[in-house]
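> Chains as they are written, first to last, in the working numbering: chain Z, 1 to 123; chain S, 10001 to 11045; chain H, 20001 to 20306.
A single structure is presented below for examination.
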Amino acid sequence: MFQDLLNTPLSTVVLITGFILVLIGLWGMLMHKNIIRIIVGFTLMDTGIHMVMVAIGYLTGGKAPIIEGANKNIVYVDPVPSALVLTSIVIGLGITAIMLSYAIQIHKAKKSLSIDDCAEMKW
Amino acid sequence: MVNSLTNPLNIIIITLLSSFLLPLIYQKSEQRAVNLFFAVLAAFVVISLSGYLQLLSGLPTIEVLTAGIEPPFSINLRFGIEEAFVTLAINVAALLGAWYLLPHLKTNAPLMLLFLIWIMGMNGMVMTRDLFNLFIFVEITAISTFVLIGFNRHNETLSAGFKYILAGSLASSFLLLGTMLLYFQTGTLNIDDLVAHQSLLTGPIGTAGLVLIMTAILIELKPYPANGWGLDVYQAAPTGVSALISVGVSASYLFALYKLLPLFDTLLPLIAIAGGLTFVMSNFMGLKQNQATRLLGYSSVGQVGLLVMALALLSQTNQADHYLLIAGGLFINHFLAKAGLFWLAGLAAEKDIKHWSHLKQHPVIFVLFVVLLAALAGLPPFPAFWAKWALVHTLVESQHYIWVGCILLGSLLEAVYLFRWYGYAKSKTNETAIVCQARQTFPIKLMVALLLLCGHAMAINFGLQPERVLLPVYAALAMLLLHKQPSYTKALVTLLITGIFTLQVLPTLTGLSWIFGMIFLVGSWVLTIGSLYKGTEQRPSYYPLLVMLILSLGSLLLATTTLEFFLAWEFMTVSSYLMVSLGKNAEKSSLQYLAFSLAGAFFILAGFALAYSETHSMQLSSFAQLAEHTVMIITLLLFGFLIKLGGLGVHVWLPGVYTDTDDDFTAIMSSIVSKAGLFGLFAVGIHITTQFNDIEALMFVLGWFGLVMALAGALMAVFQEDVKKLLAYSSVGQMGYIITGFALTSHMGWVASMYLAVNHVLYKGLIFLAIAGVLYRTNTRLMYKMGGLIKNMPISFVSVMIGIIAISGVPPLLGFGGKWMMYNALVEKGWYLQTAMAFFASAVAFLYLFRLIHTVFLGQQKTEHADIKEAPITLLIPQVFIMVIILAFSMFPHVLIEPLSTAISPYIASTITWTGHLLETKQGYWNGFMVMNVVAGIFLVPLFILWMLSKVTNIQPVKQFNIVFAAERPESPETTHYAYNFYAFYEKALGFLVKPNAIHFWDASAEWAHSFGAALRRFYTGNGQTYMAIILMYLGIIYLSMRAI
Amino acid sequence: MDIWISKIGYYFLNVGIVLVYGLLLGAFIAKTMARVQGRIGIPIYQPFIDILKTFTKRQAISHGIMFNLGPAFRLAGGLGTLAFIPVIYGNEMFSNFSAAGDLLLVMYFIFFGQLGMALGSGESGHPYAAMGIGRGLAQMTAYEVPFTLAVVAIFIQYDTSSITEIVAAQQGSIWNWTLFTNPLAVIAAMIAFLGMAAYPPFDVAMAPNEIPIGPPTEFHSHFLSMMQMNRAIFAGAKLILFMNLFFGGATGLIELVFKTWAIYMVAILVGAAFPRFRTEQAVRFFLGVPMLIGIASVLYIQYWAQ
């Protein structure tokens, strides 16, 4: 049993960790009233997704996808997800930055960082 | 291959280049930066326009490859005709939107820059064929949206923006995750490649990926109930930004959905449900909304829902040719109208729609407002009208009846809240004028022009001649140019236009159409003369609308296809509604009229669509081939026409409308417009004579319905104090007979029905004109406040007297002919109890007729009315004219009956015979000419006695109160004029029959709809976390339903 | 042309006969009632004296032109109703202008005089006039229901609405009368007749016994004389109509006199025995059992008799 766990491929571990992070992030976004904590929740979720992406592309025992010659026996790691992850990290950063600036502006305007104070419009 | 300058990739390249340049130039000169900004946006337009034109001229789709490698190994963009159309729309809106937003944008170089990037993102979303690339453009668009929403840093905007970010980031996470799962499963990100490898996506991971992507895009399209954040954004964001979110951003997401639809093959029903639910629910909630921008938000959400639903349903039906027409029509309509309205809402700068009456001070803006509302409500000639027509037809054909119901219900609700808004703007509460410059209205004007242009193009697309079928609108718009002229001029121009039109149209008509032509065109022409009496008032919109109404009635006559018919019908509905709304305090009643009329129109639409699904022909004459759905189709059409006729149960709009409209228009409304429903009945009826056996039971019910309506109308009229209400209910009753006549589906029944209709045109026109004069002089509608007016207004009195004799059917006037034929036809058909019922109803009519003439013209005169004058001469001229016609028809009834009989005999064989002036049926005979002569001769006897005695007797005129009144000489007319609660005893006896059940029912329905709307929006707590939770649940529900499928 | 002149001549002969007969009938009824109540009563020629008296009044008051025309309309209504009814079956002299129209014409022409009268008395400004007309009209709407049902039953039975043909169908034997071939219809019609005759219990519109209410309230002098004439003619015309429809018509003057007197006696007898209904009671009454009888007569003819 324990042995089985130890034998779990790294990519699976990353995958599971990623999903757990996504869930933690979601939990944080949904349960915390403080906008800063919500933002932290978001970054956790974002990071989780990135980990999932990387894990999806990874093949056990695969090498870095730098192709030298045409050796069919070498298993390469899929390079695309890694490339995509870079892009989405940048995007995630951008969104986090905007969220934080919104947080600043909200704090300036309302003197509060509670999401409950952002509910003046309804119905 | 591609002209290098107009390569769509340049949109992206130019943006990136200018994003470096703009801040630099801005440092030097603000003006130059603005110039550059507009140059870039103009370049977008030029690129997409030239691409569109090239593609239209038949060039192949432009495929843009990157990195010099073929897809799927590289990212590629596609610029086909659809992409070109959507990007062109987006870029035009962006250019105009930038113009509108310029005062804000130019304060800050990064804002201009963001705006450019924003538009670029939308363009990219439309063009890209790569899933991950799509994600990137989504994020680019999203990030710029977030910033642009928040730039004014108001409390509400910040809240809305933050909620948007939360929802948006969830959606983009779904998208990213879904993309990765699909990649994991198929090893490709290219959309075309994914579609090709769809079989790989059946496993749990593939399914999860698809669900995630679909949910992400749906969420961005703001589906009910996961759209609270979207509504907040629409409400709070600067209107210029809201406009572009509503049209541009939504357009790009819609296009993304459209692109991905082939992937979602198995999910189509879910998508349709999501869209349909959003459409119906958001329109329900719109009913409760008073905030202008939020209302537009509900409308936006609903429209997008409709588009989503249409996309999903149509891709199931595989009707490629309709597909683009419908989706494109709906899309461009929403696009132009919503952008225009958001901008207008910004100019109005008034949040609460109840305070929008300041718009009235600015006629141009007001007209723009009305046109945009009409377009949004899907009224003709705007693109949505055509698209909905085609959509309903396609869906009925593929037997998606429930969806059709959803579309029609949602459209009705939307029209109701949009035109309630118009009603508020129309009402008189706010006198402060709206402040704005021509520069700001320019984009709105352009949108309206584009809407009209698109409508025109759609008409061509549907194989119609726009200059003919859209003539009512163009004529009305042309008349608007005269708005500074005095009322006389406008009335004369109206008479001229409609006169020429009549002379053009009437000779081309034959048979029944010709008779209706006489009613609609000649009748309204005569009644229009009456409107001259308000010559001193400005009435800026009365005459344009009148022209539109009369011309649309004419087009109705010329219609040979269901589409032409429905188009003219809608024009008539809209123009008459707007005319009704011109009356003082007519907000409520006109809205009722619109709601009922549109509901009726939708029934007609459904009926036509069902007929089309059976015969595959839009010709009205193809109704002859109906077999399977005849009863259903006729029932649907009956509902539609009966609503227009004020059928019992749905008559509730009628009294309010007749009361609140201008007095001269009430005459037209009652005597002319109400006949349109009858024309509809006959226009369909003459083609289904061979199927009468199939609808016999239906017609039996209709026959009873008409008679119950006749009785109820008469009874309700008996108990009215308001003279116009009395006449309105009288119309309900008279229409009852006319309907029963139609239901007889026999030659004599139809002749009787038409005869009664012509009769109704004459006497109701006459009485309403006479009453218009009375109201003009007395300034009250309550009959007990009048009395004794015969001395001051003798000609009006004679008019009313002739009118009531004609209604009541007392010989020798022409009313008797109608009753006589009616009873004969009823007996001939074997409807015996119905005959007695008709008699009873006509007896009850005597009560209100006497009350009408007595309490207004006879009895005691009020002191304050001692000096009033006869009605204005312009009102009397048409009255005298009508009286002459009535007397002529009474003297020579065959002049009227013979054309009616010959018009109907081609369809049903005649059962009446003429011998000279003698009219004979199987049962009875009637010689109208002889009756007239005998009565005239006999009348000489008492007249002679009277004359003789007046020679020998001293006839002494006495003063008003010189009566024997319980040995007392009364002195106050108020206490002596027996008028108020005239038939108290009758109310005791039979009043229980006419409890206002119908009114209560409809009021309760309206209340229920509003409460339902209120309950639906309980989801929208305003809390961002709740919204996120709903989004997650939405995902879960979609996933579970997916598993269930 | 000659035909028309002789027709007009015959018509006025009819009018004269019906007028004299109507006045005599009225006096006879009054006398009968008086004797029933133990009084001597009026002489039989009293109505003639009354008309003469009102005709020769030297002064009249007028409230306006419509007021003056009211009695003229009223009288024309009575004359016209008579004009469209064939008085004696099978006699050209007494067929009047019944060629102009059928029963429906007569039923609607009855309203002509009433409407004109209503307008005329309305101009007087007297509230009682309007009140009386309102009550009368209300009652009219109600009694028309059983009457119409009876008429419809006759339509079905004889398959015609021509009065002459209806009478023709009843000739031959007393058992051919509608009274015996369609008794339900006759019962319904006779109940309606009580309302039409405006005797108790349906006399609330005129209320002749106490304060005078109703159209004639303000009319004096020769206006009144015209109305008295009309009352005789109109009553006669209605009686003849009922006789024609339900009691086999008349082939001679004697038969006419006897039958119409008998029909009138029905109203008198009922009137002598009953108190007065209020308007709403009268309306409800006619729309109750009499209406059901009328419906029964239609259904009977429609489904059983044929």
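By construction, the Cβ of each residue, glycine as well, lies at the ideal position given by its N, Cα and C atoms.
For VAL10469/S, tell me which candidate among LEU10481/S, TYR10417/S, GLY10455/S and LEU10480/S has the shortest Cα-Cα distance.
Looking up residue 10469/S in the second sequence gives position 469. Minimum Cα distance to VAL10469/S is reached at GLY10455/S.
> Are the Cβ atoms of GLY10121/S and ILE10140/S separated by less than 7 Å?
Taking the first residue of the second sequence as 1, we reach residue 10121/S at position 121. Taking the first residue of the second sequence as 1, we reach residue 10140/S at position 140. A contact, by the Cβ cut-off of 7 Å.
> For LEU20075/H and ALA20232/H, what's the separation of their Cα atoms in angstroms?
Mapped onto the third sequence, residue 20075/H falls at position 75. Mapped onto the third sequence, residue 20232/H falls at position 232. One C-alpha to the other measures close to 10 Å.
> From this set, PRO10872/S, LEU10231/S, PHE10132/S and GLU10156/S, which residue's C-alpha is nearest LEU10189/S's C-alpha?
Position 189 of the second sequence, counted from the start, is the residue given in the question as residue 10189/S. Considering only alpha carbons, the answer is PHE10132/S.
> Helix, strand or coil for PHE20313/H, going by three-state DSSP, please let me know.
Coverage of chain H is limited to positions 20001 through 20306, which leaves residue 20313/H absent and any answer about it impossible.
> Here's a check: name, in chain order, each residue in its chain whose Cβ is nearer than 8 Å to the Cβ of LYS10351/S, leaving out the five neighbours to either side.
Your numbering for residue 10351/S matches position 351 in the second sequence. Only GLN10291, ALA10292 and THR10293 meet the Cβ criterion.
> Chain S beta carbons: is any one of them nearer than 7 Å to that of MET121/Z?
Numbered from 1 along the first sequence, position 121 holds the residue referred to as residue 121/Z. Taking Cβ atoms only, chain S reaches closer than 7 Å to MET121/Z, which makes this a yes.
> Just reading off the beta strand (DSSP E) that ILE10062/S is part of, what are its end residues?
Here the question's residue 10062/S lines up with position 62 in the second sequence. Note, ILE10062/S: beta strand (DSSP E), 10062 to 10065.
> Roughly how many angstroms separate the alpha carbons of LEU20024/H and PHE20048/H, rounded to a whole number?
Here residue 20024/H corresponds to residue number 24 of the third sequence, with the count starting at 1. Here residue 20048/H corresponds to residue number 48 of the third sequence, with the count starting at 1. C-alpha separation (whole angstroms): 9 Å.
> Say whether chain S places a C-beta atom closer than 7 Å to the C-beta of GLN3/Z.
Here residue 3/Z refers to the residue found at position 3 of the first sequence. False, the Cβ-Cβ gap to chain S never drops below 7 Å.
> Please compile the residues from chain H whose C-beta is within a distance smaller than 9 Å of the C-beta of TRP10926/S.
Within the second sequence, residue 10926/S is the residue found at index 926, counting from 1. The contacting residues are ALA20100, GLY20101, ASP20102, LEU20104 and LEU20105.
> Residues in the same chain with beta-carbon distance under 8 Å from ASN10461/S, minus the five sequence neighbours each way, listed in chain order, please.
Here residue 10461/S refers to the residue found at position 461 when the second sequence is read from its first residue. Closer than 8 Å at Cβ, skipping near neighbours: LEU10325 and TRP10386.
> Can you say whether PRO9/Z is buried or exposed, counting buried as having 16 or more other CB atoms within 10 angstroms of its CB?
To locate residue 9/Z, count along the first sequence from 1; it is residue 9. With fewer than 16 Cβ atoms within 10 Å of its Cβ, PRO9/Z is classed as exposed.
> Which residues, in chain order, does the stretch 86 to 106 of chain Z contribute to contact with chain S at a C-beta distance below 7 Å?
Listed in sequence order: THR87, SER88, ILE91, GLY94, ILE95, ILE98, MET99, TYR102, GLN105 and ILE106.
> With 7 Å as the limit, tell me which residues of the stretch 11007 to 11030 of chain S have their beta carbon closer than that to any beta carbon of chain Z; keep them in chain order.
Under the 7 Å Cβ criterion, the stretch 11007 to 11030 of chain S contributes ARG11017, TYR11020, THR11021, GLY11022, ASN11023, GLY11024, GLN11025, MET11028 and ALA11029.
> To which residues of the same chain is VAL10931/S closer than 7 Å at the C-beta, ignoring the five residues directly before and after it?
To locate residue 10931/S, count along the second sequence from 1; it is residue 931. So the qualifying residues of the chain are PRO10811 and PRO10812.
> Grab me the residues of MET29/Z's own chain with a C-beta within less than 8 Å of its C-beta, minus the 5 sequence neighbours each way, in chain order.
Translated into positions along the first sequence, residue 29/Z becomes position 29. ILE38, GLY41, PHE42 and MET45.
> ALA20030/H by DSSP, collapsed to three states: which one?
In the third sequence, the residue the question calls residue 20030/H occupies position 30. Note: ALA20030/H maps to helix in three-state DSSP.
> What are the residues of the stretch 10165 to 10192 of chain S that lie near chain Z, defined by any Cβ-Cβ distance shorter than 9 Å?
Residues passing the 9 Å Cβ filter: ILE10165, LEU10166, GLY10168, SER10169, LEU10170, SER10172, SER10173, LEU10176, LEU10177, THR10179, MET10180, LEU10181, TYR10183, PHE10184, GLY10187 and LEU10189.
> Check for me: the beta strand (DSSP E) holding ALA20060/H runs from which residue to which?
Here residue 20060/H is taken as the residue at index 60 of the third sequence, counted from 1. It spans 20059 to 20062 - the beta strand (DSSP E) in which ALA20060/H sits, taken as one unbroken run.
> How about ARG20284/H: is its C-beta nearer than 7 Å to some C-beta of chain S?
The residue you call residue 20284/H lines up with position 284 of the third sequence. Closer than 7 Å: yes.
> Could you run through the stretch 20040 to 20058 of chain H and flag, in chain order, every residue whose CB is less than 7 Å away from some CB of chain S?
If the cut-off is 7 Å between Cβ atoms, the stretch 20040 to 20058 of chain H has LYS20057 and ARG20058 near chain S.
> From what residue to what residue does the alpha helix (DSSP H) around LEU10016/S run?
Within the second sequence, the letter at position 16 stands for residue 10016/S. It spans 10009 to 10028 - the alpha helix (DSSP H) in which LEU10016/S sits, taken as one unbroken run.
> Could you give the distance in angstroms between the alpha-carbon of VAL10002/S and the alpha-carbon of GLY11022/S?
Walking along the second sequence from the start, residue 10002/S turns up at place 2. Walking along the second sequence from the start, residue 11022/S turns up at place 1022. Confidence in VAL10002/S is poor, its pLDDT being 47 and thus under 50, which makes the residue's placement too unreliable to answer from.
> Measuring CA to CA, which of LEU20103/H, MET20107/H, VAL20106/H and LEU20082/H is closest to ASN20096/H?
For the purposes of this step, residue 20096/H is identified with residue 96 of the third sequence, where counting begins at 1. The residue with the shortest Cα to Cα distance from ASN20096/H is LEU20082/H.
> What's the gap between the Cα of SER20173/H and the Cα of LEU10940/S?
Along the third sequence, one-based indexing puts residue 20173/H at 173. Along the second sequence, one-based indexing puts residue 10940/S at 940. Straight-line Cα distance between these residues: approximately 41 Å.
> Would you mind working out which of GLY10677/S, LEU10726/S, GLY10607/S and ALA10836/S sits nearest LEU10707/S, comparing C-alpha positions?
For the purposes of this step, residue 10707/S is identified with residue 707 of the second sequence, where counting begins at 1. Checked all of GLY10677/S, LEU10726/S, GLY10607/S and ALA10836/S; the closest Cα to LEU10707/S is ALA10836/S.
> What does the alpha-carbon distance come out to for the pair ALA10611/S and LYS10675/S?
By one-based count along the second sequence, residue 10611/S stands at place 611. By one-based count along the second sequence, residue 10675/S stands at place 675. Each residue's Cα considered, the two are about 23 Å apart.
> ILE10795/S and LEU10875/S: beta carbons closer than 7 Å?
Start at 1 with the first residue of the second sequence, and residue 10795/S comes out as number 795. Start at 1 with the first residue of the second sequence, and residue 10875/S comes out as number 875. Taking 7 Å as the Cβ cut-off, ILE10795/S and LEU10875/S do not qualify as a contacting pair.
> Relative to chain S, which residues along the stretch 20140 to 20158 of chain H have a C-beta separation below 7 Å, given in chain order?
Result list: MET20140, THR20141, GLU20144, VAL20145, THR20148, LEU20149, VAL20152, PHE20155 and ILE20156.
> Count the other CB atoms, across all protein chains shown, that sit within 10 Å of the CB of LEU20079/H; report buried if there are 16 or more and exposed otherwise.
What you label residue 20079/H is simply residue 79 of the third sequence in a count that begins at 1. Label assigned to LEU20079/H: buried.
> Have a look at LEU10114/S, GLN10399/S, VAL10247/S and LYS10534/S and flag the residue whose alpha-carbon is nearest the alpha-carbon of GLY10773/S.
As a first step, residue 10773/S is located in the second sequence; it is residue number 773 there, counting from the start. When each option's Cα is compared against that of GLY10773/S, the closest is LYS10534/S.
> So, is the C-beta of PHE42/Z closer than 7 Å to a C-beta in chain B?
Note that chain B does not occur in the displayed structure, where the protein chains are Z, S and H.
> Quick one: is ALA109/Z near chain S, going by C-beta distance under 7 Å?
The residue given as residue 109/Z occupies position 109 in the first sequence. It does: the Cβ of ALA109/Z has a partner Cβ on chain S nearer than 7 Å.
> Kindly list, in the order they appear in chain S, the residues whose Cβ is closer than 7 Å to that of MET53/Z.
As a first step, residue 53/Z is located in the first sequence; it is residue number 53 there, counting from the start. Within chain S, the residues near MET53/Z are MET10180.
> Quick one: what does DSSP say VAL90/Z is sitting in, helix, strand or coil?
Taking the first sequence and counting its residues from 1, one reaches residue 90/Z at position 90. Looking at VAL90/Z - three-state DSSP - the assignment turns out to be helix.
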